[in-house]
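K.L.:
Under the working numbering, the first residue of the sequence shown is numbered 19, with each subsequent residue one higher.
The beta carbon of each residue, even a glycine, is placed where N, CA and C say it ideally should be.
Nothing here was measured: the structure is a model prediction, and the numbers come from that model.
Supplied in structure tokens, the structure appears directly below.
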Amino acid sequence: MRVLAIGCHPDDLEFECYGTLAKHVKNGDDVIVCTIANGSMGDMTIPPRELAQIRYREAANAAKVIGAQEYIGIDVDDLALNPHDDAQIRRLTEAIRYAKPDYIICHGIDGYLDYHADHNAAAEMTFTASFNATIPHYETKSPVHPIITPLYYLEPTSRQFRMITDYVDITDTLELKIEAIKCHESQFRWLGEHTGSNSLTDDVRARARVHGKSCRCQYAEAFQRCTQAYRMTASRLLP
Ligand SMILES: [Zn+2]
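This is how it looks when you write it as structure tokens:
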């Protein structure tokens with residue numbers, strides 16, 4: 019199986035689904051990680067271009083920690099994501115065609131808003147690009163993707179899922195997930211101050227424990243399945 023995870027900023031996927039991605043790798047599946055925004059605004063003092071380079075390296079290292087096949091940065095500046103910008107959509111469409119995914123994990127558009135406008139834009143962009151990837155006259159370098167790819171939505175940062183449809187037991191991969199999160203050194207101070215958290219990794223463990231209790235395992239991640247026409251499958255795709 020080939021799995022593509024499309025996050026907004028470098029580190030979003032690590033917090034919401036890296037236990038699941040690590041589990042896919044352990045099962046022998048191919049995992050490709052992609053981020054749309056470059057993280058250029060995620061600090062108070064480091065200049066945006068320099069910060070984008072730091073964050074690219076951090077995200078690439080995190081992808082290596084779980085054994086992902088490849089990390090792709092679409093490199094749109096933070097706060098500049100635009101679902102109606104054809105150049106941005108085309109770059110994302112090309113990444114999807116290149117990755118040839120059986121399904122995509124991404125931010126969700128289905129009935130809720132995330133706290134961060136970039137996350138909502140990333141959700142709409144992924145929905146559009148994964149459809150465009152199947153349209154022969156919408157040209158990019160790689161060949162047309164044969165399926166309107168099924169989507170599984172990440173838990174929103176606001177934690178206000180309309181509905182959790184699927185859990186993944188990440189008991190065996192929680193420590194890898196934490197190790198991957200720790201690759202994002204540039205973000206610890208910023209995120210702590212911006213969100214009021216004393217320990218981001220403690221928060222991750224606590225949330226995984228809450229989800230684990232809901233599905234009778236030790237630690238879990240939660241997802242919402244996209245139920246739009248042609249996005250559904252008869253079998254489960256999550257590990
Ligand atoms: Zn983010």
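#1: Are Gln242 and Thr183 close, meaning C-beta to C-beta below 8 Å?
#2: With distances taken Cα to Cα, identify the nearest neighbour of Ala140 among Thr251, Val21, Asp93.
#3: What are the start and end residues of the alpha helix (DSSP H) that includes Ser197?
#4: For Asp95 and Leu69, what's the separation of their Cα atoms in angstroms?
#5: Using 8 Å as the threshold, is the C-beta distance between Gln236 and Asp29 below it?
#6: List the endpoints of the continuous alpha helix (DSSP H) containing Val83.
#7: Could you name the residues of the same chain whose beta carbon sits closer than 8 Å to that of Pro101, not counting the 5 residues immediately before and after it, in chain order?
#8: If you count every other CB in all the chains shown that lies within 10 Å of the CB of Glu34, and 16 or more means buried, which is it?
#9: With distance defined between alpha-carbon atoms, name the residue in Asn56, Ile84, Lys159, Leu131 nearest to Tyr116.
#10: Counting only the same chain and skipping the five closest in sequence on each side, list residues whose C-beta sits under 7 Å from that of Gly85.
#11: Let me check you understand the geometry: is the CB of Ala26 closer than 7 Å to at least one non-hydrogen atom of ligand 1?
#12: Do you know how far the Cα of Glu211 is from the Cα of Ala55?
#13: Roughly how many angstroms separate the alpha carbons of Arg67 and Ser58, rounded to a whole number?
#14: Note down the Cα distance separating Glu197 from Leu218, rounded to an integer number of angstroms.
#15: Cβ of His137 within 7 Å of any heavy atom in ligand 1?
#16: Any heavy atom of ligand 1 inside 7 Å of the beta-carbon of His134?
#17: Under 7 Å from any heavy atom of ligand 1, does the C-beta of Asp93 make it?
#18: When you measure from the CB of Asp221 to every non-hydrogen atom of ligand 1, does any distance come out below 7 Å?
#19: Applying the 10 Å Cβ sphere with the 16-neighbour rule, what's the burial state of Leu97?
#20: I'd like the list of long-range same chain contacts for Pro164, defined as Cβ closer than 8 Å, with 5 residues on each side in sequence excluded.
#21: Compare the beta carbon distance of Tyr170 and Tyr121 with 8 Å and say whether it is the shorter of the two.
P.N.:
In brief:
#1: Result yes, Cβ atoms of Gln242 and Thr183 sit closer than 8 Å.
#2: Checked all of Thr251, Val21, Asp93; the closest Cα to Ala140 is Asp93.
#3: According to the sequence displayed, residue 197 carries Glu and not Ser. That run of the alpha helix (DSSP H) goes 192-199.
#4: Asp95 and Leu69 have their alpha carbons spaced roughly 11 Å apart.
#5: Their beta carbons are not under 8 Å apart, which means Gln236 does not touch Asp29 by this criterion.
#6: Per DSSP, Val83 belongs to the alpha helix (DSSP H) from 66-83.
#7: Beyond the five residues adjoining it in sequence on each side, Pro101 comes within less than 8 Å, by CB distance, of Ile107, Ala139, Glu142, Met143, Thr146 in the same chain, given in chain order.
#8: By the Cβ neighbour-count rule, Glu34 is buried, with 16 or more other Cβ atoms within 10 Å of its own.
#9: The shortest C-alpha to C-alpha distance from Tyr116 to any of Asn56, Ile84, Lys159, Leu131 is the one to Lys159.
#10: So the list reads Val43, once near-sequence residues are dropped.
#11: Inspection of the sequence shows that residue 26 is occupied by Cys rather than by Ala. Result yes, Cβ under 7 Å from ligand 1.
#12: Computed Cα separation, rounded: 21 Å.
#13: Going from the Cα of Arg67 to the Cα of Ser58 covers about 6 Å.
#14: Glu197 and Leu218: Cα-Cα distance of roughly 12 Å.
#15: Yes, the Cβ of His137 comes within 7 Å of a heavy atom of ligand 1.
#16: Taking 7 Å as the cut-off, the C-beta of His134 counts as close to a heavy atom of ligand 1.
#17: The answer is no for Asp93.
#18: Answer for Asp221: no, Cβ out of range of ligand 1.
#19: It is exposed - the Cβ of Leu97 has fewer than 16 other Cβ atoms within 10 Å.
#20: Hits under 8 Å: Thr152.
#21: Against a cut-off of 8 Å, the Cβ pair of Tyr121 and Tyr170 comes out as a contact.
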